[in-house]
Amino acid sequence: MRIATFLPHVGVFGGVRRFLELGNEWVARGHDVTLYHPEGNAPAWLPYRGRVVPLTAAADAESDVAVCADPHTYGTFRAHRSGRHVYYCVIEGDAGLDRALPDHGVTLAANSGALRAKLARRAGRPVLDGVGGIRTSVFRPLPALRAGTPLRVLVNGRRSRPKKGTDLVLRVLAGLVGKVPEFEVVLFDSVDVHNRQDPRDGAPLPPNARFVIGPTQEELVALYQSSHVFVAAERKAGWCNTALEALASGCAVVCTRSGTRDFAVHEHNALVAWRHPFFLRRAIRRVLTDGALRERLAAAGPASAEPWGWPVLAEKLLRQF
Numbered sequence: 001m002r003i004a005t006f007l008p009h010v011g012v013f014g015g016v017r018r019f020l021e022l023g024n025e026w027v028a029r030g031h032d033v034t035l036y037h038p039e040g041n042a043p044a045w046l047p048y049r050g051r052v053v054p055l056t057a058a059a060d061a062e063s064d065v066a067v068c069a070d071p072h073t074y075g076t077f078r079a080h081r082s083g084r085h086v087y088y089c090v091i092e093g094d095a096g097l098d099r100a101l102p103d104h105g106v107t108l109a110a111n112s113g114a115l116r117a118k119l120a121r122r123a124g125r126p127v128l129d130g131v132g133g134i135r136t137s138v139f140r141p142l143p144a145l146r147a148g149t150p151l152r153v154l155v156n157g158r159r160s161r162p163k164k165g166t167d168l169v170l171r172v173l174a175g176l177v178g179k180v181p182e183f184e185v186v187l188f189d190s191v192d193v194h195n196r197q198d199p200r201d202g203a204p205l206p207p208n209a210r211f212v213i214g215p216t217q218e219e220l221v222a223l224y225q226s227s228h229v230f231v232a233a234e235r236k237a238g239w240c241n242t243a244l245e246a247l248a249s250g251c252a253v254v255c256t257r258s259g260t261r262d263f264a265v266h267e268h269n270a271l272v273a274w275r276h277p278f279f280l281r282r283a284i285r286r287v288l289t290d291g292a293l294r295e296r297l298a299a300a301g302p303a304s305a306e307p308w309g310w311p312v313l314a315e316k317l318l319r320q321f
């Protein structure tokens, strides 16, 4: 099968990872995969086995299936000659839906169960099951690494996107200092042409907190593996990559429902809290003070991540294409 995928860039974003990982899986299964984006350069942060070409090349090519997930490349995606056009919704409030919904020549897909159901109600037509996404062979526990670090809380540091809830989490953590066992906070983010805001500028950091800027894939994995707790307070997310990566790596996860409903089960493999300081504080306090709870949540995480692997998702999408 000839599969064409469209992205606005290949920077360090969860939506970009989705297309790179799926492309790798489809190539491994013998399919011909081409990624179109404006600059046409290969991603530098994650190996990619498909073909990468400039967006303008799509006009002279054909495919069996074309997949797009953003409004910026939508026009080129629709003009591209393909047997089927699929718009893959990966975030709530996706601006691309303004064009995709009334376009009945486009098949819709979504990356979470909640988003899929919401989109089906709004569109009045079927939505492909594009739910899932994790590389469990990479994101996996390494108990020895965690045992060698002090009590550590890991947080997605992307403050340029308020919906990630980074500052909310930092304020909650600051309020817990001195009221729970001593802990350190580590935040991660990248700063590049696609995410220019330095998250360290004006960050309301609690004591003993630090940023790791631009971690490699291996360094990011090590951060998950060495952290005891991961906190995500997102809103309007499609699929919370970081929460699932933490879960798969054996962290005790505290999260909101946004982007986690498919895999986070309250009191089983995570503590799921309302996105409010009171409820987040209560949940984080529990995992920081109760070592047995931390261990129980951490132990349940890796197995619960397995059904959502990229290989499973790639096969599922191929069956629907």
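Under full-length UniProt numbering, residue 321 is the last one in the sequence shown; the count climbs by one each step, no gaps.
Beta carbons: idealized from backbone N, C-alpha and C, even for Gly.
Rounded to the nearest angstrom, the Cβ distance from Leu101 to Ala222 is 42 Å, too far for a contact under 8 Å. Of the other Cβ atoms in all chains shown, 16 or more fall within 10 Å of the Cβ of Glu245; this residue is therefore buried. Trp310 is not a Cβ neighbour of Arg116, given a cutoff of 8 Å. In the DSSP annotation of this structure, the continuous segment of the beta strand (DSSP E) that includes Glu184 starts and ends at Glu184 to Asp189. Assigned with DSSP and collapsed to three states, Asp192 falls in strand.
Within the same chain, and ignoring the five residues on either side of His276 in sequence, no residue has its Cβ closer than 7 Å to its Cβ.
The distance from the Cβ of Gly175 to that of Thr166 is about 15 Å, inconsistent with a contact at the 8 Å cut-off. Look at the beta carbons and you see the stretch 9 to 23 touching the stretch 33 to 42: at least three pairs across the two are nearer than 8 Å. Beyond the five residues adjoining it in sequence on each side, Ser226 comes within less than 7 Å, by CB distance, of Leu145, Arg146, Thr149 and Arg152 in the same chain, given in chain order.
Val106 and Val177 have their alpha carbons spaced roughly 51 Å apart. By the Cβ criterion, the stretch 91 to 99 is in contact with the stretch 69 to 76, since at least three pairs of Cβ atoms, one from each stretch, lie closer than 8 Å.
Distance from the Cα of Arg210 is smallest, within the candidate group Asp189, His228, Thr216 and Gln197, for Asp189. Secondary structure of Thr34 (DSSP, three-state): strand. Contact check between the stretch 252 to 265 and the stretch 286 to 302: three or more CB pairs, one atom from each, fall below 8 Å, which counts as touching. CA-CA distance, Ala59 to Leu22, rounds to 23 Å. Less than 8 Å divides the Cβ of Leu46 from the Cβ of Arg17.
Closest option to Asp198, judged by alpha-carbon separation, among Thr260, Asn208 and Leu187: Leu187.
Contact check for Glu234 against Lys118 fails: the beta carbons are separated by 8 Å or more.
Of the candidates Trp308, Pro126, Pro206 and Asp192, Trp308 places its Cα closest to the Cα of Asp262.
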